[in-house]
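S.K.: This structure is in structure tokens; I'll ask about it shortly.
Residue numbers (this note's numbering): 164 to 524.
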């Protein structure tokens, strides 16, 4: 692997990605303070018939992870990546808007629509301006630390979200021990994937090298678990490495996409979880698909989750993918921090603000 050039990393993104375990630890510490500040909703509701999590991009994937972790909750938890919330949102709904920047057009538009339905709302942001605007309108808001970019702040957004869902009784177990296990697993991976570990002993650098040889990356996950990790891999390869990436998930892909494996210029990254495969009965199907794809001449990189609890297992593969995306940027000679196309698109479409009126003084 080529040497890492500081000049290619204008915002020191690699260091922030590598230090993700520390971010999770800091977020857990902040969560303990948040538990002492109960949330009171404007409509007085304390129980709900559904929860809708709004968010786009790096903020949106946080909602996807929460949706996976709450898939067995007593009420449905869904995500919305659109300017308009689902029509079923009502005064018995809880709408959680996650916008790291505080300026996400689609998220704020959907939040404004949710106000009209009388839904209870919660906002998670790093924007002091949005935080103040929420406070002026008696909208509960969790202010998280700034960390440069939404994609670098997964832990700061995820931990308070699932902590809140735990307090609501939506998550079936206490999350503190799970987060502590996740930190332990992530620290182990940090020791294996850090920049000072030679390529031959560094799984993240080896994968980045594999993806640098004009191969089109495809990432497969498993429905209702590592599918969200596959989405995160795609997003990070897009934003950091500046490459196209396709993702799909089992078992659905066995009914369509498996027929497309005839080209040899693809690399498949197969994200697996032994317990989930056993639970939903797809291990044999994944094994068969892997064998078929290898027979087609394509390279298959198989990665397994680490840890015992679901949070640790999901974050273990997310963490490796994030690091891979930065190493691949260096191999390709691009700055992983710069996202000029995204910034241009945001400038062109303009800004949206909260429209909920301030209460009378």
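Ideal Cβ positions, reconstructed from N, Cα and C, are used throughout, including at glycine.
Under 8 Å between the Cβ atoms of residue 288 and residue 259?
M.R.: No, the Cβ-Cβ distance between residue 288 and residue 259 is not below 8 Å.
S.K.: The beta strand (DSSP E) spanning residue 256 covers which residue range?
M.R.: First-last of the beta strand (DSSP E) with residue 256: 256-261.
S.K.: Hey, is the stretch 170-187 in contact with the stretch 313-325, meaning 3+ C-beta pairs nearer than 8 Å?
M.R.: Because the criterion of three Cβ pairs below 8 Å is met, the stretch 170-187 and the stretch 313-325 touch.
S.K.: For residue 196 and residue 474, what's the separation of their Cα atoms in angstroms?
M.R.: Near 21 Å, if we compare the C-alpha coordinates of residue 474 and residue 196.
S.K.: Pair every Cβ in the stretch 210-224 with every Cβ in the stretch 235-250, then say whether three or more of these pairs are closer than 8 Å.
M.R.: Touching, per the Cβ criterion.
S.K.: With a CB to CB cut of under 8 Å and the five nearest residues on each side skipped, what residues in its chain are close to residue 409?
M.R.: Excluding residues within five positions, the ones whose Cβ falls inside 8 Å are 379, 380, 381, 382 and 397.
S.K.: Using a Cβ-Cβ distance cut-off of 8 Å, determine whether residue 426 contacts chain B.
M.R.: This model lacks chain B altogether, as it is built from one protein chain only.
S.K.: Taking 8 Å as the cut-off, does the stretch 345-365 touch the stretch 424-443 (at least 3 CB pairs, one atom from each stretch)?
M.R.: Contact between the stretch 424-443 and the stretch 345-365 is absent, because fewer than three Cβ pairs lie under 8 Å.
S.K.: In its own chain, which residues sit with a C-beta less than 7 Å from the C-beta of residue 417, not counting the 5 before and 5 after it?
M.R.: So the list reads 448 and 452, once near-sequence residues are dropped.
S.K.: One question on the structure: do residue 386 and residue 415 come within less than 8 Å of each other, judged by their Cβ atoms?
M.R.: For residue 386 and residue 415, yes; Cβs fall inside 8 Å.
S.K.: Here's the rule: buried if 16 or more other CB atoms are within 10 angstroms of the residue's CB, otherwise exposed. What is residue 301?
M.R.: Exposed, because fewer than 16 other Cβ atoms sit within 10 Å of the Cβ of residue 301.
S.K.: Tell me the DSSP secondary structure of residue 494 in three-state form.
M.R.: Residue 494 falls in the helix class under three-state DSSP.
S.K.: Should the stretch 339-350 be regarded as contacting the stretch 244-258, the criterion being three or more beta carbon pairs within less than 8 Å?
M.R.: No, the stretch 339-350 is not in contact with the stretch 244-258.
S.K.: For residue 261 and residue 222, which I take to be in contact (beta-carbon distance under 8 Å), what is that distance rounded to the nearest angstrom?
M.R.: Confirmed, Cβ separation roughly 4 Å.
S.K.: Among the residues of its own chain, which have a CB less than 8 Å from the CB of residue 464, if the five just before and after it don't count?
M.R.: Excluding residues within five positions, the ones whose Cβ falls inside 8 Å are 370, 373, 430, 431, 432 and 433.
S.K.: Please work out which residues of its chain come closer than 6 Å, Cβ to Cβ, to residue 519, disregarding the five sequence neighbours upstream and downstream, and give them in chain order.
M.R.: For residue 519, where only same-chain residues beyond five positions count, the Cβ hits under 6 Å are 278 and 300.
S.K.: List in chain order: all unbroken alpha helix (DSSP H) runs of 4+ residues lying wholly within the stretch 409-479.
M.R.: Segments of the alpha helix (DSSP H) lying fully in the stretch 409-479: 437-443 and 446-458.
S.K.: Report the rounded CA-to-CA distance for residue 172 versus residue 499, giving the unit in angstroms.
M.R.: Answer to the nearest angstrom: the Cα atoms are 6 Å apart.
S.K.: Quick one: give me the first and last residue of the alpha helix (DSSP H) that residue 270 is part of.
M.R.: Segment 268-280, the alpha helix (DSSP H) holding residue 270.
S.K.: Compute the beta-carbon to beta-carbon distance between residue 388 and residue 341, rounded to the nearest angstrom, for a pair I have assumed lies under 8 Å.
M.R.: Not confirmed; about 15 Å, so no contact.
S.K.: For a test of your reading of the model: does the CB of residue 395 fall under 7 Å from any non-hydrogen atom of the ligand MN? Yes or no.
M.R.: As presented, the structure is devoid of all ligands, the ligand MN included, so that no description of it is given.
S.K.: How far does the beta strand (DSSP E) with residue 283 in it extend, from its first residue to its last?
M.R.: First-last of the beta strand (DSSP E) with residue 283: 283-288.
S.K.: Would the beta-carbon of residue 272 fall within 8 Å of that of residue 515?
M.R.: Closer than 8 Å, so yes.
S.K.: For the alpha helix (DSSP H) that contains residue 382, what are its first and last residues?
M.R.: Looking at the DSSP string, residue 382 is not in any alpha helix (DSSP H); the run it does join, the beta strand (DSSP E), is 379-385.
S.K.: Please go through the same chain and pick out, in chain order, the residues whose beta-carbon is closer than 7 Å to the beta-carbon of residue 501, but skip the five residues on each side of it.
M.R.: Closer than 7 Å at Cβ, skipping near neighbours: 173.
S.K.: Using CA coordinates, which residue listed in 229, 510 and 310 is at the minimum distance from residue 328?
M.R.: Measuring from the Cα of residue 328, the nearest candidate turns out to be 229.
S.K.: Helix, strand or coil, according to DSSP, for residue 515 in the structure here?
M.R.: Residue 515 falls in the coil class under three-state DSSP.
S.K.: Are the beta-carbon atoms belonging to residue 177 and residue 517 less than 8 Å from one another?
M.R.: No.
S.K.: Given that a residue counts as buried once 16 or more other Cβ atoms are within 10 Å of its Cβ, and exposed if not, what is residue 175?
M.R.: Exposed.
S.K.: Can you tell me which of the three DSSP states residue 505 falls into?
M.R.: DSSP places residue 505 in helix when its eight states are reduced to three.
S.K.: Throw me the rounded Cβ distance for the residue 461 and residue 424 pair, which I believe falls under 8 Å.
M.R.: Between residue 424 and residue 461 the Cβ distance is about 6 Å, and since that is below 8 Å, they are a contact.
S.K.: Kindly list the residues whose CB is nearer than 8 Å to the CB of residue 472, restricted to its own chain and excluding five residues on each side of it in sequence; keep chain order.
M.R.: Taken in chain order, the residues that qualify are 340, 341, 344 and 345.
S.K.: Would a C-beta distance cut-off of 8 Å place residue 483 and residue 231 closer than the cut-off?
M.R.: Against a cut-off of 8 Å, the Cβ pair of residue 231 and residue 483 comes out as no contact.
S.K.: Sort 496, 246, 200 and 455 by Cα distance to residue 420 and report the nearest one.
M.R.: Out of 496, 246, 200 and 455, 455 has the C-alpha closest to the C-alpha of residue 420.
S.K.: Going by DSSP in three states, residue 114 sits in which element: helix, strand or coil?
M.R.: Look at the range of the chain in this structure, 164 to 524, and you will see that residue 114 is not part of it.
S.K.: Return the residue from the list 233, 218, 303 and 225 that minimises the CA-CA distance to residue 266.
M.R.: For the residues 233, 218, 303 and 225, the minimum Cα distance to residue 266 belongs to 218.
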